[in-house]
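Engineer:
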Amino acid sequence: MCGITARVGTDGSLGPLLDSLKRLEYRGYDSAGIAVQNGAGISINKCKGEVSALEDALATVSHDGPIGIGHTRWSTHGSPSDVNAHPHTGNDGRVAAVHNGIIENYVELREELTERGSRFTSETDTEVIPHLVEERLAAGDDPETAFRTAIDRLEGSYAIAVIIDDEPAVYATRNGSPLVIGVGDDARYLASDVPAFLHRTDQVVYLEDDDVVVLTADDHRITDLRGTPITRPIETVDWDPEDAEKGSYDHYMLKEIHEQPMALRQTLHGRIGDDDVDLESFPPGTFEEVDRVRLLACGTSYHAGMYGEWLLSNNGVDANTFIASEYSAYPAPVDESTLVIGVTQSGETADTLEALSAAREQGARTLAVTNVIGSTAARTCDDALFIRAGPEIGVAATKTFSSQVAALVLLTERLVRDMTGEPTTDYETRFDALESLPDHVESVVNGTQAASISQRWLGDSGHFFIGRGGAYSVALEGALKFKEITYEHAEGFAAGELKHGPLALVTPETPVFAVGTGHHQSRLESNVNEIQSRGAPVVVVAPRTATRLVDTADEFLPVPATHPDLVAILANVQLQLIAYHAANEMDRSIDKPRNLAKSVTVE
Ligand code: M6R
59 MCGITARVGT DGSLGPLLDS LKRLEYRGYD SAGIAVQNGA GISINKCKGE
109 VSALEDALAT VSHDGPIGIG HTRWSTHGSP SDVNAHPHTG NDGRVAAVHN
159 GIIENYVELR EELTERGSRF TSETDTEVIP HLVEERLAAG DDPETAFRTA
209 IDRLEGSYAI AVIIDDEPAV YATRNGSPLV IGVGDDARYL ASDVPAFLHR
259 TDQVVYLEDD DVVVLTADDH RITDLRGTPI TRPIETVDWD PEDAEKGSYD
309 HYMLKEIHEQ PMALRQTLHG RIGDDDVDLE SFPPGTFEEV DRVRLLACGT
359 SYHAGMYGEW LLSNNGVDAN TFIASEYSAY PAPVDESTLV IGVTQSGETA
409 DTLEALSAAR EQGARTLAVT NVIGSTAART CDDALFIRAG PEIGVAATKT
459 FSSQVAALVL LTERLVRDMT GEPTTDYETR FDALESLPDH VESVVNGTQA
509 ASISQRWLGD SGHFFIGRGG AYSVALEGAL KFKEITYEHA EGFAAGELKH
559 GPLALVTPET PVFAVGTGHH QSRLESNVNE IQSRGAPVVV VAPRTATRLV
609 DTADEFLPVP ATHPDLVAIL ANVQLQLIAY HAANEMDRSI DKPRNLAKSV
659 TVE
């Protein structure tokens, strides 16, 4: 996820664009840049780092102009660097472009443009855009036609804004990525999200896919891809600018729960082939020398690691997960044939980094599964697999858990094939289910009854979560989310372990959430009976096809029927929503729970 913005006014746009980028920084913060045009050419300033680094760089800059575009980046193609930062230009520097999304056919376009003389300087997919526009301008197209012809060549998802050296306008379009116009008294704005300009105007025009916009200081003209004029209403936004960074959501956590379908699409994008996974840096054979796998992680990432361990173990791989902070206390055998996977959203968690470093010293090969390109884990491990979930602001990890698990499902396929010589059992149906996962998550988020169910037992003495196999890690994650943001007692258990002690805690005041996946179903049904006979209410989270389980439930939170290996990911989304709505009712500080930080960089 990245943030794009643009402004056309009659005075300097540099300051307003910088302001907008600060407000869009939650969308990405590994590099930033601005291009301004004053009728006599385009000046670009861009650099790696947060928007504050760009602000420092701009402090000594004297050129300004009324027309400009800006970008704050969350890398998907190419590491964070000055050169990969947006805006990008073509050969002649006549056109500058910013882009949010993924251009799927950029490799073909790049080859084609290179053959015709384009020289590329960055590793980004975005750079093809200014080259395409410049090529059309050189062929004699007027600016709008050149822009239209260029975007006609693009496949993928995008929001794009372009300026041309001698044109008093911004040209923009969207397809699958957000874009909204701000109508000011003396300027027009454009951005990925309203907060970028809400402090300047509350008059907005929401654009739809395939809208093409020409923005000038006192007008915005919208057409479809063929040039037919479109009228979109100007709406008044009644958000408080202070809260608007969260868009229409009350909390970042809720926003991020809702972003999971998009995050998963990005995680999976281009990585599932016809008969195998297609993991950029990990072609078949990459892990042939590996004998065993160890996963190291903390908190939510640890639960994702457990999910990976369960899948690997079920497919014949020697795998174990360790709480990273405990790793040094376990003299686990590790050598050159051990692959140690650090699962870490931020890539900066001190406990995980230290455990990885210890494993490296023992000779292990290390791999980071992380969300942050350029993070310490990504840089210091031998390899990295990026989950591409986009920035997560809420302290409670939500979309990154789903993306971590999806990435581990993909990585499992590569490891199992390389280490055992066979694909995973059922891989074809699991691939199909992975492809449907974003849509399935969408239907859970849109159809959930979690808000009302979460209110039924508020204030009870404890909330318990149970599951078996992959659902055990989700039971732990459901409990972590609940305790983290409600501050209420919550515990996750392996369902079969209840009778070995925890059942003593179960009373009519302890609701139990049972996650049913289709694996070990009859055993879970017995566990549910044990709980209900002690008077505790049971909320079943499962597909409707688990009829016996569903029929016994006191409450039921359905998830779509899919491959049983993936059901727990969907159930986890329901549990995130349970925790969220309970905490919201209790008026907790959901995005910044007490005593906790997003990234724990101390041991
Ligand atoms: O950045 P990491 O994934 O390494 O962070 C590890 C934990 O601190 C983190 O998952 C934490 O448990 C979650 N924020 C809880 O929601």
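The numbering used here applies: residue 59 is where the sequence shown begins, and numbers increase by one.
For glycine and all other residues, C-beta sits at the position ideal for the given N, C-alpha and C.
1) Taking Cβ to Cβ, would you say Asn163 is nearer than 8 Å to Cys60?
2) Report the option in Thr344, Gly285, Pro601, His316 whose CA atom is closest to the CA atom of Arg472.
3) I need the boundaries of the beta strand (DSSP E) containing Pro601, first residue and last residue.
4) State the Cα-Cα distance for the pair Ser591 and Leu561, rounded to the nearest angstrom.
5) Should Asp409 be labelled buried (16 or more other beta-carbon atoms within 10 Å of its own) or exposed?
6) Given Gly148, which residues of its chain have a CB within under 6 Å of its CB, disregarding the five upstream and five downstream residues?
7) So, with DSSP's three-state summary, where would you put Phe34?
8) Rounding to the nearest angstrom, what Cα-Cα distance links Tyr485 and Asp645 in this structure?
9) Drop a sphere of 10 angstroms on the beta-carbon of Asp210, count the other beta-carbons inside from all chains shown, and report buried for 16 or more, exposed for fewer.
10) Report the three-state DSSP secondary structure of Asp301 (helix, strand or coil).
11) Between Val453 and ligand 1, is there a pair consisting of the residue's CB and a ligand heavy atom that are separated by less than 7 Å?
12) Hey, would you say the C-beta of Gly357 is under 7 Å away from at least one heavy atom of ligand 1?
13) Tell me the DSSP secondary structure of Asn642 in three-state form.
14) Compute every distance between the C-beta of Gln513 and the non-hydrogen atoms of ligand 1, then say whether any falls below 7 Å.
15) Go to Thr203, then tell me how far its alpha helix (DSSP H) extends in each direction, as first and last residue.
16) Are the segment 270-278 and the segment 412-427 touching by the rule of at least three beta carbon pairs closer than 8 Å?
17) Name the DSSP beta bridge partners of Tyr7, please?
18) Whose CA, out of Ile451, Ala626, Gly405, Asp376, lies closest to the CA of Leu397?
19) For Thr231, is the classification buried or exposed, using 16 other Cβ atoms within 10 angstroms of its Cβ as the cut-off for buried?
20) Is the beta carbon of Gln507 sitting closer than 8 Å to the one on Ala455?
21) Please give me, in chain order, every unbroken run of the alpha helix (DSSP H) with length at least 4 that falls completely inside the segment 467-535.
22) Which residues in the same chain have their Cβ closer than 6 Å to the Cβ of Thr458, if we skip the five residues on either side of it in sequence?
23) Give the DSSP-derived three-state secondary structure of Gly70 in the structure shown.
24) Which same chain residues, not among the five before or five after Leu369, have their C-beta less than 6 Å away from its C-beta?
25) State the CB to CB distance for the pair Leu79 and Gly126, rounded to an integer number of angstroms; the pair is presumed to be in contact (CB under 8 Å).
26) How many angstroms separate the CA atom of Tyr87 from the CA atom of Ala143?
27) Below 7 Å CB to CB, which residues in the same chain sit around Glu300 once its five sequence neighbours on both sides are set aside?
28) Classify Ile292 as buried or exposed, calling it buried when 16 or more other Cβ atoms lie within 10 Å of its own Cβ.
29) Excluding sequence positions up to five away, which residues of its chain have a Cβ less than 8 Å from the Cβ of Asp620?
30) Going by C-alpha distance, which of Val631, Ala435, Arg418, Ala382 is nearest Glu406?
31) Considering only heavy atoms of ligand 1, does any lie closer than 7 Å to the CB of Leu397?
32) Could you compute how far the alpha carbon of Glu317 sits from the alpha carbon of Gly527?
33) May I have the straight-line CA-CA distance separating Arg65 from Ala245, to the nearest angstrom?
34) How is the alpha helix (DSSP H) around Lys313 delimited, first residue to last?
35) Would you identify the three-state DSSP class for Glu293, choosing helix, strand or coil?
36) Going straight from the alpha carbon of Ser371 to that of Gly505, what length do you get?
Structural biologist: Checking against the coordinates, here is how it stands:
1) No, the Cβ-Cβ distance between Asn163 and Cys60 is not below 8 Å.
2) Checked all of Thr344, Gly285, Pro601, His316; the closest Cα to Arg472 is Thr344.
3) Per DSSP, Pro601 belongs to the beta strand (DSSP E) from 596-601.
4) Cα to Cα, Ser591 sits roughly 11 Å from Leu561.
5) So Asp409 counts as buried.
6) Result list for Gly148: Pro188, His189, Glu192, in chain order.
7) Limits of the chain in this structure are 59 at one end and 661 at the other, which puts residue 34 out of reach.
8) Going by the C-alpha atoms only, they are around 44 Å apart.
9) Its Cβ having fewer than 16 others within 10 Å, Asp210 is exposed.
10) Model confidence at Asp301 stands at a pLDDT of 48, short of 50, so the residue's coordinates are unreliable and nothing is read from them.
11) Yes; taking the cut-off as 7 Å, the Cβ of Val453 has a heavy atom of ligand 1 nearer than that.
12) Of the heavy atoms belonging to ligand 1, at least one sits nearer than 7 Å to the Cβ of Gly357.
13) In the structure shown, Asn642 sits in a helix (DSSP, three-state: H, G or I).
14) A distance criterion of 7 Å places the beta-carbon of Gln513 beyond contact range of ligand 1, judged by its closest non-hydrogen atom.
15) 201-210 is the extent of the alpha helix (DSSP H) around Thr203.
16) The count of Cβ pairs closer than 8 Å, one atom from the segment 270-278 and one from the segment 412-427, stays below three, leaving the stretches out of contact.
17) What the structure shows of the chain is the stretch from 59 to 661, and residue 7 is not part of that stretch, so it cannot be assessed.
18) It is Asp376 whose Cα lies nearest to the Cα of Leu397.
19) Classification for Thr231: buried.
20) Cβ atoms of Gln507 and Ala455: not closer than 8 Å.
21) If we require 4 residues or more, the alpha helix (DSSP H) runs fully inside the segment 467-535 come out as 485-505, 508-514.
22) Gln403, Asn429, Ala447, Glu450.
23) Gly70: coil per DSSP, three-state reduction.
24) Counting only Cβ-Cβ distances below 6 Å, and skipping sequence neighbours, we find Thr470.
25) Going by Cβ atoms, the distance from Leu79 to Gly126 rounds to 11 Å, so no, they are not a contact pair.
26) Between Tyr87 and Ala143, the C-alpha separation is close to 11 Å.
27) With a pLDDT of 49 at Glu300, under the threshold of 50, the modelled position of that residue is not reliable, and the figure given next carries that caveat. Taken in chain order, the list of residues that qualify is empty.
28) Per the 10 Å Cβ criterion, exposed.
29) Per the sequence shown, the amino acid found at residue 620 is Thr instead of Asp. When the five nearest sequence neighbours on each side are left out, the beta carbons in the same chain lying within less than 8 Å of the beta carbon of Thr620 are those of Ala491, Ser494, Leu495, His498, Pro601, Leu628, in order along the chain.
30) Closest in C-alpha terms to Glu406, from the list Val631, Ala435, Arg418, Ala382, comes Ala435.
31) Checking the Cβ of Leu397 against ligand 1 gives no.
32) One alpha carbon belongs to Glu317, the other to Gly527, and they sit about 27 Å apart.
33) Each residue's alpha carbon lies about 7 Å from the other.
34) The continuous alpha helix (DSSP H) containing Lys313 extends over residues 310-316.
35) The answer is strand: DSSP assigns Glu293 an E or B state.
36) Going by the C-alpha atoms only, they are around 34 Å apart.
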